[in-house]
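The structure appears below as structure tokens.
In this note's numbering, the protein residues as written are 8 to 145.
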């Protein structure tokens, strides 16, 4: 087993919501780094934004840079939606939708740990999701 040189913890906030202009598509938006991705379901959008965020953080760290200094934060309107969902949304365990077809939004606050060994920098796959809220906006 290779020696771990450094562990770096990032707390990142993510919104997952239906795309207004792309029917059947979902957007994943990492607010801390203003990185956006999409998928065919909330789960896929979350997987895709996690992958895009992981690659961006690793690239920045491999260049000796702090990812939060390289990337800008998302515009305030997204943070307001995130705060509203966290304050008023229902805590849930998964990204499942209710059957009523409302305008659903998921707010996820996650802790990701990146591990640097002597030969690579990688994401610790045992990442913790500290909060997941679901909100419906009519």
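Using N, Cα and C, we set each Cβ at its ideal position, and we do this for glycine too.
Just so you know, these numbers come straight off a predicted model, no measurement behind them.
{"Query": "Output the distance between the C-alpha atoms of residue 122 and residue 61, rounded to the nearest integer angstrom.", "Result": "12 Å"}
{"Query": "Who does residue 21 pair with in a DSSP beta bridge?", "Result": "37, 115"}
{"Query": "Helix, strand or coil: how does DSSP classify residue 123 here?", "Result": "strand"}
{"Query": "Taking the alpha-carbon of residue 102 as reference, which of 68, 21, 15, 29 has the nearest alpha-carbon?", "Result": "21"}
{"Query": "Between which two residues does the beta strand (DSSP E) containing residue 101 stretch?", "Result": "It is not in any beta strand (DSSP E) - residue 101 carries neither H nor E in the DSSP assignment."}
{"Query": "Nearest CA to the CA of residue 79: which residue from 97, 55, 40, 117?", "Result": "40"}
{"Query": "Would you call residue 95 buried or exposed, if buried means 16 or more other Cβ atoms sit within 10 Å of its Cβ?", "Result": "exposed"}
{"Query": "Hey, quick one: how far does the alpha helix (DSSP H) through residue 63 stretch, first residue to last?", "Result": "49-69"}
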